[in-house]
Amino acid sequence: MPITSVQSASPTSDNELTFNFTHAKVPGAVPGGSKMSFEISVVPNKNKENHLWLTKQKAIMVRDEKVSEYDVLDNLRRFFELGKAGACLRKGTVEG
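This note's numbering applies: residue 1156 is where the sequence shown begins, and numbers increase by one.
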């Protein structure tokens, strides 16, 4: 599903960056009148160069006027061992 961020992000005093994404208006990407958005927050990992801590990843879905929020990190913690800081991300590329 294509997503876009409609804003730039500036770091807080703790060097946290928060990005808000919404799904692009692509027919068939999200069923019916559903709308999705994502909020993602990261901070630098001071122990590893070119790594970030994913501290928040929230998904918000509106369908039939009902709002549902999901904390993606909490769901990941059910299946993987994640520290309190969050998930560690590294800079890289994906080949497809």
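The beta-carbon is built from N, C-alpha and C at its ideal position, and this holds for glycine as well.
{"Asked": "M1191 Cβ short of 7 Å to the ligand PLP heavy atom set", "Found": "Here there are no bound small molecules, and the ligand PLP is not part of this structure."}
{"Asked": "Proximity of A1145 and T1210 at Cβ, strictly below 8 Å", "Found": "What the structure shows of the chain is the stretch from 1156 to 1251, and residue 1145 is not part of that stretch, so it cannot be assessed."}
{"Asked": "Close-in-space but distant-in-sequence residues of the same chain around R1218 (CB under 6 Å, 5 per side omitted)", "Found": "S1189"}
{"Asked": "Alpha carbon of I1195 to alpha carbon of F1174, nearest angstrom", "Found": "5 Å"}
{"Asked": "Residue burial classification, V1222 (beta-carbon count within 10 angstroms, cutoff 16)", "Found": "exposed"}
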